[in-house]
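Below: one structure, written as structure tokens.
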Amino acid sequence: MPIMNSENLAADLKALAESEISPQTLMKAIVTKLSANPKYNWVGFYMIENETSGEPILVLGPYSGAPTPHTRIALGQGICGAAASSGETVVVDDVNSDPRYLACSIETRSEIVAPVYAGGRVVGELDIDSHSHAAFGAEDQRICELAARLVGKSIEAHASKDRQGT
Ligand code: SME
């Protein structure tokens with residue numbers, strides 16, 4: 000199958016989001032779509048939950064790739080925690096030279112994490128790992144942020160439907 004160009008991919012992601020599926024189903028579909036790119040070796044969502052202590056924590060959601068030992072990540076830990084706590088996309092060209100990095104696979108060389116916003120707050124994030132050094136350029140960042148934004152909008156839309164009882 001030819002690799003999709005990013006315009007087609009962006010259009011596909013938008014079409015998926017418009018199909019009014021649940022946020023969970025949308026996240027699964029986005030993971031499937033993005034993981035078709037051979038340089039995206041691990042693609043997954045982490046969503047923020049509140050522990051009984053009241054501390055927010057990132058909990059692994061839909062993903063594709065090797066199983067990760069990091070199924071729960073504190074907001075002060077890892078590249079994932081950095082993106083969630085700063086509310087900004089984090090791109091790391093060489094994970095082995097970043098002291099924040101929590102290893103998922105020894106093959107991972109670079110990583111991008113884009114926060115998901117809903118209701119003005121960070122509610123989760125999209126994390127993509129690559130076995131290639133510096134795999135994530137401006138186009139990859141645009142796609143990753145688009146996917147994160149679509150999930151945020153879906154969460155907002157479903158929350159307002161729930162409030163209206165529809
Ligand atoms: N590398 C991430 C942890 C998640 S795994 O890559 C899937 C981090 O440093 O937060």
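For what it's worth, numbering that gives the first Met the number 0 labels the leading residue of the sequence shown as 0, then goes sequentially. Yeah, the Cβ is synthetic: ideal placement off N, Cα and C, and Gly gets one too.
Closest residue to residue i among the options (Cα-Cα distance)
i	options	result
Val-122	Ala-9, Gly-77, Pro-22, Ala-14	Pro-22
Pro-55	Ala-73, Trp-41, Ser-85, Gly-43	Ala-73
Ser-96	Ala-133, Gly-80, Gly-118	Ala-133
Ser-131	Ala-10, Pro-37, Arg-120	Pro-37
Leu-143	Gly-43, Thr-24, Ser-18, Glu-17	It should be noted that the sequence gives Cys, not Leu, for residue 143. Selected option, being the one with the closest Cα: Gly-43.
Gly-80	Asp-92, Asn-4, Gly-119, Glu-48	Glu-48
CB contact flag (residue i, residue j, <7 Å)
i	j	result
Ala-124	Ala-156	Correcting the residue type first, residue 124 is Glu in the shown sequence and not Ala. Not in contact: Glu-124 and Ala-156 (Cβ atoms no closer than 7 Å).
Ile-127	Tyr-39	yes
Leu-8	Leu-149	no
His-89	Val-112	In the sequence on display, residue 89 carries Val and not His. It is a contact, given that the beta carbons lie within the stated cut-off.
Leu-59	Thr-51	no
Ala-208	Ile-29	Nothing can be reported for residue 208: it is not among the residues displayed for the chain, which extend from 0 to 165.
Ser-104	Ser-63	no
Assigned exposure category for residue i - 16 Cβ within 10 Å defines buried
i	result
Arg-108	buried
Glu-110	buried
Ser-129	buried
Asp-139	buried
Ile-154	buried
Met-0	Per-residue confidence for Met-0 stands at a pLDDT of 44, beneath the threshold of 50, marking its modelled position as unreliable; the derived number appears in the next sentence. Looking at its Cβ environment, which holds fewer than 16 other Cβ atoms inside 10 Å, Met-0 is exposed.
Thr-67	buried
Ala-137	exposed
Ile-78	buried
Lys-32	buried
Ala-16	buried
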